[in-house]
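Taking it in order: structure first as structure tokens, then the write-up.
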Amino acid sequence: MTSSPDPHQREHALSSLQNEALSPVARAMDTMNTLDLCRSFNRAEASVACAIAACLPAIAAFVDDLVPFLRRSGRLIYVGAGNSGRVAHMDCAELPVTFSVDREQFLAVVAGGTGAVLEAVEGAEDLFDDGAARMDDLCFTSHDTVIGISASGRTPFVMGALEVAMRRGALTAVITNTRPSRMGSMGVKHPLIVAVGPEFLTGSTRLKAGSCAKQVLNMISTCTMIKLGKTHQGLMVDVRANNEKLHARGRRIVRQICVGRPLLRTISQHIQNHPELDEDASIDALIERCGGSVKLACAVGLSGLHRDIAKRRLDVVDGHLQAFVTGLKPESQFMGGRTGTDGEKAEEDEYFLCVDGGGTKCAVSIATRRRGLLTQATAGPCNLNSTPLEDVVEQIRCATAAAAASIQLPNDDQSRPWPRLTKVWAGIAGLHHTSQAELLSSRLEQLFSVSAKKGSLRLTCDTSLLSACLDADEPAEGCIALVAGTGAVATAFRRFDSGDKAVQVGRTGGWGHLVGDQGSAFYIGQQALRTVLGNLEEHQSEAKPRSLNRLEAAIFKHLDCDPRDVLSSILMPGAEQPQQRIGRISRVVAELGFADFDPDPQALAILHDAASNLARIVKPLASMSMCNPLKSILVMLGALMNVKPFRDLVLDKCMAMGVAFRRTIIVSDASAYGAEFLSKTSGSHIAT
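Take a look at the structure:
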């Protein structure tokens, strides 16, 4: 590898650097008392802030250039050697926790590797080619940004990295304390030259130069995060609460931002709030409901909107909470702020309800013609094969009441639990295999004041909700809906002439976990348990205890049990049914099998097997007589289909069987999709 120039030339060049000059107190410090030494040191360090102040316009210009690169998912890569590398590594390491950014988007490249952060690697900074090679290893592109940190402005490792970045057309900056410098003459777009002067100890750049690098990097990263909407009114709303201190901070942030709002009432509308929960526990529950996002919890608390709706609106404004608040319409505010006119406008709109009654939960969504998706809520399981009919009706009622709680009714009719519904579409699991459809239809007609005969109530199986995708896709003639969550089922729909309603023409799977459901979350968890239990039995005769493999260790940790108690921890009575407990193990398997580095082979084999099973239930439906895949769409729904690597694996298995679809649609929420479909289409054609 290429290193630095001739040692004599290097020595001469170093001696001319400002940070190699003697400090004003250098000759006197040996005779100073301790207090005077400390005062002199403090004066030297205090000068750093003044030196940075002179460079503020250049730093601000770099931040303004950097923000669009990061918004387009470009990476920010810090490059340094020695103390500069350690300072860079420290700033980079804090960003994911403080601002919930992707660790892969913010990287620190240190001369000598990550080991050099803890222990100096002599000579690593002198390797120009090594800096260039490290950039090549990162597959560097013009979308990325590099900040080189070098007190001397001439570190070969950093220069090698910058040269590659400039050659690839990337955004570049350098933080240095020397003028002129080699890096300053390289053509870097943003040279941030902070003249801190001689070090307190000659050449010890861990002092003023190190303080300068730390402050400038703090300034760049913090101001950038503010511009990216990672803060709100000086609060770190994107903090990742993963310890008790940060949990407490998350609660304080929600309280401070939602001050003056009926926060606890809002929380009670969006979670099944136990009356004995105190305010702290209620806010914790809201944050958990929002996937651990403090910002999303604030958005829900400020607006009263359902979590998913609030998230969509946040996404539209690139996550800026201030823009989210500014964009809230009067009808999105809390009921307490409504006027009589607001109530009249609410009643003028038409309301549409969609119920997705699944085996794990009942999800409902309400949409209107004018405002689209308005509110959502969930309740307990609704599978008619495992839940009594009256319990199904009660779960639907509870979920609908919870969803409608944030809708202001007209002032002259506050007695109704929800607004008058123009149309209701209820998709209920198990309806395909039950004789109770007529009775359930009658109960829903009474509950919602709608009529199946007049077309304002449609009762179908839950998978038929996905036929809305076919009605929304005009060119397609067929649709196969593949649902892989607690269970696994595929349903085929077809239009025989343009404009015709979607008709169910076939169905595979959906037999339940006792008979089938191959490829479901339950199946994956079951296969993992079988693998682990088989391993334990195979090695039980060994005299010396063996180390657990990764799959075993992860499952025992997930179940929080001793290896001898696996089955009892699954089968013992509790809040969850054994089926749900086993299904949750699929998350552990997916994390291991789809790990970015060294995926677990046992977990990956289970996932491949599950994906093959799902492809097998799709294949019989993908025929010329039923659903020609080249003219049909594949709709994918369920917890497993939200895992992109698994989804891609299923599509690969389908391709291997010769099944390639015209288009693939991912539906994250069937009830929301159905409600919006009803609100957008008059006289909707709904598959039965």
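At the far end of the sequence shown sits residue 1978, using the numbering used here, and the numbering has no gaps. C-beta atoms are modelled at their ideal positions from N, C-alpha and C, and glycine is treated no differently. As the structure is a computational prediction, the values presented were derived from the model and not from experiment.
Per DSSP, what kind of secondary structure is residue i in: helix, strand or coil?
{"i": "Glu1404", "result": "Note that residue 1404 is Thr in the sequence shown here, rather than Glu. If DSSP states are grouped into helix, strand and coil, Thr1404 belongs with the helices."}
{"i": "Phe1624", "result": "Note that Phe1624 has pLDDT 43, beneath the 50 cutoff, so the model's placement of it is unreliable and the number below is only indicative. It is coil, neither helix nor strand."}
{"i": "Gln1666", "result": "strand"}
{"i": "Ala1398", "result": "strand"}
{"i": "Leu1674", "result": "coil"}
{"i": "His1522", "result": "strand"}
{"i": "Leu1618", "result": "coil"}
{"i": "Gly1630", "result": "A caution first: Gly1630 carries a pLDDT of 40, below 50, which makes its placement in the model unreliable, though a value can still be read off. Residue state, collapsed to three classes: helix."}
{"i": "Leu1804", "result": "coil"}
{"i": "Gly1477", "result": "coil"}
{"i": "Phe1951", "result": "coil"}
{"i": "Leu1643", "result": "strand"}
{"i": "Thr1321", "result": "helix"}
{"i": "Glu1637", "result": "Summary for Glu1637: the model assigns pLDDT 44, below 50, so the residue's position carries little reliability, and this model does not support an answer."}
{"i": "Thr1658", "result": "strand"}
{"i": "Ile1697", "result": "coil"}
{"i": "Pro1565", "result": "With a pLDDT of only 49 at Pro1565, under the threshold of 50, the placement of this residue in the model should not be trusted, and no figure is reported."}
{"i": "Val1856", "result": "helix"}
{"i": "Val1357", "result": "helix"}
{"i": "Arg1551", "result": "coil"}
Grab the span of the beta strand (DSSP E) containing residue i for me, first residue to last.
{"i": "Thr1650", "result": "Segment: none, Thr1650 is in no beta strand (DSSP E) and carries neither H nor E."}
{"i": "Pro1290", "result": "The structure shown does not extend to residue 1290, since the chain is modelled only from 1291 to 1978, so the question has no answer here."}
{"i": "Leu1823", "result": "Counting along the chain, Leu1823 falls outside any beta strand (DSSP E), though it belongs to the alpha helix (DSSP H) covering Ala1811 to Glu1828."}
{"i": "Gln1794", "result": "Val1793 to Gly1799"}
{"i": "Val1779", "result": "Ala1778 to Arg1784"}
{"i": "Ala1774", "result": "Gly1768 to Ala1774"}
{"i": "Leu1366", "result": "Leu1366 to Gly1370"}
{"i": "Gly1582", "result": "Gly1582 -> no beta strand (DSSP E), and no H or E assigned at all."}
{"i": "Val1436", "result": "Thr1435 to Ile1439"}
Using the C-alpha atoms, what's the distance from residue j back to residue i?
{"i": "Leu1679", "j": "Thr1750", "result": "15 Å"}
{"i": "Ala1818", "j": "Val1478", "result": "53 Å"}
{"i": "Arg1361", "j": "Arg1542", "result": "28 Å"}
{"i": "Leu1482", "j": "Ala1351", "result": "10 Å"}
{"i": "Ile1801", "j": "Ile1437", "result": "Looking at the sequence shown, residue 1801 is not Ile but Trp. C-alpha separation (whole angstroms): 57 Å."}
{"i": "Met1291", "j": "Gln1892", "result": "For Met1291, the predicted structure reports a pLDDT of 48, less than 50, and the residue's modelled location is therefore unreliable. The matter cannot be settled from this model."}
{"i": "Ala1792", "j": "Val1949", "result": "21 Å"}
{"i": "Pro1919", "j": "Cys1769", "result": "8 Å"}
{"i": "Leu1804", "j": "Val1645", "result": "26 Å"}
{"i": "Leu1772", "j": "Val1908", "result": "7 Å"}
{"i": "Gly1421", "j": "Ile1814", "result": "44 Å"}
{"i": "Asp1979", "j": "Ala1742", "result": "Missing from the structure shown is residue 1979; the chain here goes from 1291 to 1978 and no further."}
{"i": "Phe1846", "j": "Asp1855", "result": "9 Å"}
{"i": "Pro1709", "j": "Leu1643", "result": "10 Å"}
{"i": "Gln1870", "j": "Ser1676", "result": "13 Å"}
{"i": "Thr2005", "j": "Val1779", "result": "Because the chain here runs from 1291 to 1978, residue 2005 falls outside it and cannot be looked at."}
{"i": "Ala1758", "j": "Asp1942", "result": "25 Å"}
{"i": "Gln1736", "j": "Ala1960", "result": "24 Å"}
{"i": "Ile1439", "j": "Asp1598", "result": "42 Å"}
{"i": "Ser1390", "j": "Val1399", "result": "21 Å"}
{"i": "Val1683", "j": "Ala1653", "result": "13 Å"}
{"i": "Phe1396", "j": "Phe1490", "result": "32 Å"}
{"i": "Met1322", "j": "Val1549", "result": "55 Å"}
For the alpha helix (DSSP H) containing residue i, list its first residue and its last residue.
{"i": "Gly1375", "result": "Asn1373 to Phe1389"}
{"i": "Gly1421", "result": "Phe1418 to Asp1427"}
{"i": "Ile1342", "result": "Thr1324 to Ala1343"}
{"i": "Ile1845", "result": "Arg1840 to Leu1849"}
{"i": "Leu1755", "result": "Careful: Leu1755 lies outside any alpha helix (DSSP H) and carries neither H nor E."}
{"i": "Leu1576", "result": "Glu1569 to Arg1579"}
{"i": "Cys1513", "result": "Lys1498 to Lys1517"}
{"i": "Thr1468", "result": "Where Thr1468 is concerned, there is no enclosing alpha helix (DSSP H), given that its DSSP letter is neither H nor E."}
{"i": "Leu1939", "result": "Lys1934 to Ala1946"}
{"i": "Asp1598", "result": "Arg1597 to Val1606"}
Below 8 Å on the Cβ atoms is my contact criterion, and I expect residue i with residue j to pass it. Report the Cβ-Cβ distance as a whole number of Å.
{"i": "Ala1693", "j": "Ala1657", "result": "The pair is not a contact, with the Cβ atoms about 11 Å apart (cut-off 8 Å)."}
{"i": "Leu1927", "j": "Val1957", "result": "5 Å"}
{"i": "Ala1719", "j": "Gly1649", "result": "5 Å"}
{"i": "Ile1697", "j": "Gln1505", "result": "About 51 Å separates the two Cβ atoms, so there is no contact after all."}
{"i": "Ser1922", "j": "Glu1767", "result": "7 Å"}
{"i": "Ile1465", "j": "Val1353", "result": "The Cβ separation is near 13 Å, so there is no contact."}
{"i": "Gly1240", "j": "Leu1734", "result": "Nothing can be reported for residue 1240: it is not among the residues displayed for the chain, which extend from 1291 to 1978."}
Would you please verify whether the beta carbon of residue i is less than 8 Å from any beta carbon of chain B?
{"i": "Lys1847", "result": "Of the protein chains in this structure there is only one, and it is not chain B."}
Worksheet entry | Every unbroken alpha helix (DSSP H) within the segment 1869 to 1926, with a cutoff of 4 residues, ordered by chain | Within the segment 1869 to 1926, the complete alpha helix (DSSP H) runs of at least 4 residues are 1891 to 1908.
**Prompt:** Unbroken beta strand (DSSP E) runs of length 3 or more, entirely within the segment 1705 to 1751: which are they?
**Reply:** For secondary structure counted as the beta strand (DSSP E) over 3 or more consecutive residues, the segment 1705 to 1751 holds these complete runs in sequence order: 1711 to 1718 and 1747 to 1750.
At what residue ranges does the segment 1442 to 1466 contain a whole run of the beta strand (DSSP E), taking only runs of 3 or more? Whole beta strand (DSSP E) segments, 3+ residues: 1461 to 1466.
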